[in-house]
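Notes follow the structure.
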Amino acid sequence: MSKWWNEAVIYQIYPRSFQDSDGDGEGDLKGITSRLEYVKDLGVDAIWLSPFYTSPNKDGGYDVADPRNVDPRFGTLEDAKELFDKAHSLGLRVVVDIVPNHFSTEHVWFKEALASPKGSAARNRFHFYDGKDQNTPPNNWISLFGGPSWTQVEDGQWYLHLFDSSQPDLNWENPEVMADFEKTIRFWLDLGADGFRIDVAHGLAKDDIHKDHYDPQGLSDALRLDVLMEVEKRNEYLANIPFFDRDGVHEIYKKWRAIFDSYGSRDVMAVAEVWVHPPKRATLYVRPDELHQFFNFDVMNAPFDAAYLYKTISDMLSLVKEQNAWPTWCLSNHDCERVASRIGADAARAMALFIFGLPGSAYVYNGQELGLPSGEMADSDRQDPIFFRTNGRQKGRDGARVPLPWSGDKAPFGFTTGKPWLPLQDSWKEFTVENELKDPSSSLNLYRNALKLRKQHFVDSGEITWTYTDGLLGYKRGNVEVLINITENAQTIKGEVLLSSHAVTNSLPPKAAVWLLS
6 MSKWWNEAVI YQIYPRSFQD SDGDGEGDLK GITSRLEYVK DLGVDAIWLS PFYTSPNKDG
66 GYDVADPRNV DPRFGTLEDA KELFDKAHSL GLRVVVDIVP NHFSTEHVWF KEALASPKGS
126 AARNRFHFYD GKDQNTPPNN WISLFGGPSW TQVEDGQWYL HLFDSSQPDL NWENPEVMAD
186 FEKTIRFWLD LGADGFRIDV AHGLAKDDIH KDHYDPQGLS DALRLDVLME VEKRNEYLAN
246 IPFFDRDGVH EIYKKWRAIF DSYGSRDVMA VAEVWVHPPK RATLYVRPDE LHQFFNFDVM
306 NAPFDAAYLY KTISDMLSLV KEQNAWPTWC LSNHDCERVA SRIGADAARA MALFIFGLPG
366 SAYVYNGQEL GLPSGEMADS DRQDPIFFRT NGRQKGRDGA RVPLPWSGDK APFGFTTGKP
426 WLPLQDSWKE FTVENELKDP SSSLNLYRNA LKLRKQHFVD SGEITWTYTD GLLGYKRGNV
486 EVLINITENA QTIKGEVLLS SHAVTNSLPP KAAVWLLS
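Numbering (the working numbering), first residue to last: 6 to 523.
Right, here's the structure in full:
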């Protein structure tokens, strides 16, 4: 039976960077609500909201202090309800982030833990341990944000944080944790959410806490979407991680699935952020009694190479078929370099057309439809904890989180009437929504046309048949052939052009894609 998410296009909104409604320089829920018609006109089926919960905001809202409330910087619960209702009135589903791996140090539970003695019930909600000796943590694990994964408290114990020290990891062997997250899941579903994106879905269960890793820094780098690394080397690290992709996570998601299914005709879905290897491990998260989707990061991080893309995509299609599940495709998100910067603007346009024809759902990160590159800024403007925890060695993810340019000729381009929390560049005037709507060949109009035609020609059109040759990588699906030119030379094409990423005649330029009626 077909479900709404199987071939949906889901638009990720990073709330702090989408639209400011009150002039404080930060995007908010009312700002998002005011722009929902734009999102609808883009042609997507749902929105995914990155965290807007109560938080000290040391990690972009992924350090949650109260998962069942709205941070005042973003608005109120009433604003959230208004946003959900407006989205639904436009025919858009709403997916919200949930962050189960850790809380903020500002969460009441962690404050109770610090005020409680060793071995207490309050500390057992997290991972508190004695060190190897007075000044050495329990193991040598490195935080994904740089520096040790452990912080020592006044009585000498250490607590685990795989990310920032402000994000203590939760102990999912404690039934209190499961019970609290069931409350959170039901809270947002009852308010009107249609599903969840599960942050660090692979990270909830941990193996031997007291075991060192042979190369903790290399492992930490391999787990970061914004750190470039050879694919083979990255996969070597990902094959066995003591704190990620442990078998215990699956029992958690079986319980969550029962909660989702209890909402019956609401058709609640959940998509997992899983950063695992080999890819077959990721399909375990979408077994029939677990989650519905997982993010396929292999394409997002793929080089612009025909052989690599062919193998990566065909392997993923085969793997999800084994679980009777559907794949996902994405090119950018809030944690990595924007695709236009990673592979170039032309290749980014071509890749969008290429993935939009594939079976499964497509995720579009806000601003991707504009062809936005990663933002540039002075180090003094950076806010990502990665930059600070690595002493500037790694620039972090701020470049992917610069606010969207809406209109006008000068920054901040209609995003805010105040000073934006991250600077926009004056050179971005060519990327404003206002400017691109006027240009038939713009990235925005390419996306709008592609998503409209996707519904007409690809959705419910079955599997693909590859037409891979030395010159062109392609596939047929339904009555359309999709071709992408990853060579250095123009390639001859035959057929009626339905849509193309660049101007075409009887040949397809390098770094271009086309949909041909067949």
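Every residue, glycine too, gets a C-beta built ideally from N, C-alpha and C. Just so it is clear, the structure is predicted and the values come from calculations on it, not from any experiment.
The alpha-carbon separation between Gly200 and Leu522 amounts to approximately 35 Å. For Val254, the enclosing alpha helix (DSSP H) has its first and last residue at Val254 to Asp266.
Ranking Met321, Ser512, His507 and Pro247 by CA distance to the CA of Asn494 puts Ser512 first. Three or more beta-carbon pairs separated by less than 8 Å link the stretch 302-322 to the stretch 462-473, which places the two stretches in contact. For Gln157, the enclosing beta strand (DSSP E) stretches over residues Trp155 to Gln157.
As computed with DSSP, His107 is found in a beta bridge with Asp174. DSSP, reduced to helix, strand and coil, places Ile491 outside both helices and strands of the structure shown, so it counts as coil. DSSP places Pro56 in the coil class of the three-state scheme, outside both helix and strand. The C-alpha of Lys35 is placed about 18 Å away from the C-alpha of Gly96.
For Thr288, the uninterrupted alpha helix (DSSP H) segment begins and ends at Pro284 to Thr288. Beta-carbon to beta-carbon, Ala206 and Val291 are separated by about 11 Å, too far to satisfy the 8 Å threshold. Contact between Tyr452 and Leu47 holds: their C-beta atoms lie close to 6 Å from each other, under 8 Å.
The alpha-carbon separation between Thr421 and Lys516 amounts to approximately 35 Å. Between the stretch 105-113 and the stretch 67-86, the count of C-beta pairs closer than 8 Å reaches three or more; the two stretches touch. Taking 7 Å as the cut-off, the beta carbon of Glu12 is found closer than this to the beta carbon of Ser366.
Taking the Cβ atoms as the reference, Phe57 lies roughly 14 Å from Asp27, outside the contact range of under 8 Å.
When DSSP states are grouped into helix, strand and coil, Gly479 belongs to the strand group. The beta-carbon separation of Phe265 and Ala277, rounded to 13 Å, does not stay under the 8 Å limit for a contact. The three-state secondary structure of Gln162, taken from DSSP, is coil.
When the alpha-carbon of Pro293 is set against those of Ala307, Ala353, Glu256 and Pro283, the nearest one is in Glu256. Assignment of Trp411 by DSSP, reduced to helix, strand and coil, places it in the coil class. Here DSSP, grouped into helix, strand and coil, assigns Tyr473 to coil.
In the three-state DSSP reduction, Pro122 falls in the coil class, being neither helix nor strand.
Its Cα nearest to that of Gln461, the residue Trp520 stands out among Trp520, Leu375, Gly152 and Gly413. In the DSSP secondary-structure assignment, Tyr368 is bridged to Ile15 and Cys335. Judged by DSSP in its simplified three-state form, Gly200 adopts strand. By the C-beta criterion, the stretch 424-432 is judged to be in contact with the stretch 402-412, since at least 3 inter-stretch pairs fall below 8 Å. Cβ atoms of Gly151 and Arg394 come within 8 Å of each other, at about 4 Å. Note: Val304 is not bridge-paired with any residue in the DSSP secondary-structure output. Taking a C-beta distance under 7 Å as the contact criterion, Asp403 and Asp384 do not qualify as a contact pair.
Following the DSSP letters along the chain, one finds Met321 inside the alpha helix (DSSP H) bounded by residues Ala311 to Glu327.
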